[in-house]
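Notes for the one structure printed next.
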């Protein structure tokens with residue numbers, strides 16, 4: 032394995048050596064060799080693949096010299112190229128977003144790059160690293176369901192070819208060295224092709240993904256055949272509206288989304304779309320907004336609200 036293809040090797044900069052494995056161990060706790068406990072088995076055994084329904088990728092639990100041991104590198108398989116693929120939560124929980132790209136000084140911790148940690152209901156965790164983009168800014172959090180989009184595959188954190196570094200972490204803080212996804216256990220030294228059933232039957236996009244980094248949902252409304260979402264970015268005072276379809280997915284049907292800051296003109300995105308209408312983004316610092324959208328003949332229009 033070369034550094035250009037995988038992660039976990041030492042990196043040199045201005046005469047300083049930074050061992051990626053040391054950075055990867057941050058937050059793992061002392062029990063690096065600790066076995067999976069009985070309490071961990073429930074959620075860790077029911078994880079889906081972190082990709083869109085129907086996509087097949089290699090799960091490579093390679094050894095030696097992969098740090099931390101037991102983590103998976105998800106890589107391209109056949110015609111399914113992994114670069115830029117949507118990354119999804121493999122189980123429900125609370126996602127927190129991080130980045131080592133803004134590390135101070137010349138050392139620069141080139142290990143995880145942009146990464147997400149999802150804490151699950153039983154205290155276990157999953158980590159998703161080297162992301163090209165994330166649906167929220169570093170420091171933010173998001174409640175996720177199994178299948179919620181959290182970012183896209185990249186190679187941040189080092190001179191890496193695009194891949195997803197993935198860890199399953201026990202409630203005691205140890206890396207599970209034989210992680211299971213889609214009912215397939217990938218033990219140390221194994222490389223297996225795994226087909227995703229994550230988010231099958233659901234919209235493969237989320238409102239946060241469509242609006243982009245820094246936006247979070249502040250209001251939603253259901254319509255027949257989908258839902259309309261209002262998001263806000265506190266960094267630039269921009270609002271964003273997205274209408275997500277829940278029926279006729281992948282087939283162009285009429286969808287719309289609009290946003291109207293009080294005292295300004297309304298902006299609308301409408302047409303026949305496969306999955307969603309929008310994003311409609313507008314600055315609205317200190318003014319109320321009217322927002323809404325439609326799927327087919329079912330529509331929602333808010334009053335002027337969210338005036339902060």
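In this note's numbering, the protein residues as written are 32 to 339. Cβ atoms here follow ideal geometry from the backbone N, Cα and C, with glycine treated the same way.
Residue range of the alpha helix (DSSP H) that includes residue 241: 238-242
Inter-stretch contact (C-beta, 8 Å, three-pair minimum) for the region 93-105 and the region 189-202: yes
Anticipated Cβ contact below 8 Å, residue 219 with residue 98, distance rounded: That belief does not hold up - the Cβ atoms of residue 219 and residue 98 are roughly 13 Å apart, past 8 Å.
Counterpart residues of residue 272 in DSSP-defined beta bridges: 261, 311
Residue(s) in a DSSP beta bridge with residue 194: 185
Cα-Cα separation, residue 126 to residue 208: 22 Å
Span of the beta strand (DSSP E) around residue 91: 87-91
Environment of residue 266 [buried if 16+ CB atoms lie within 10 Å]: exposed
Alpha carbon of residue 322 to alpha carbon of residue 289, nearest angstrom: 6 Å
Per-residue DSSP class, three states only, for residue 318: coil
Euclidean distance between Cα positions of residue 88 and residue 213: 12 Å
Three or more C-beta pairs below 8 Å linking the region 318-334 and the region 288-303: yes
Local conformation of residue 285 per DSSP, three classes: strand
Beta-carbon proximity of residue 241 to residue 273, cut-off 7 Å: yes
For residue 161, three-class secondary structure by DSSP: strand
Where residue 249 falls: helix, strand or coil (DSSP): strand
Close-in-space but distant-in-sequence residues of the same chain around residue 115 (CB under 8 Å, 5 per side omitted): 163, 183, 184, 185, 193
Burial state of residue 339, where buried means 16 or more other Cβ atoms lie within 10 Å: exposed
Burial state of residue 239, where buried means 16 or more other Cβ atoms lie within 10 Å: buried
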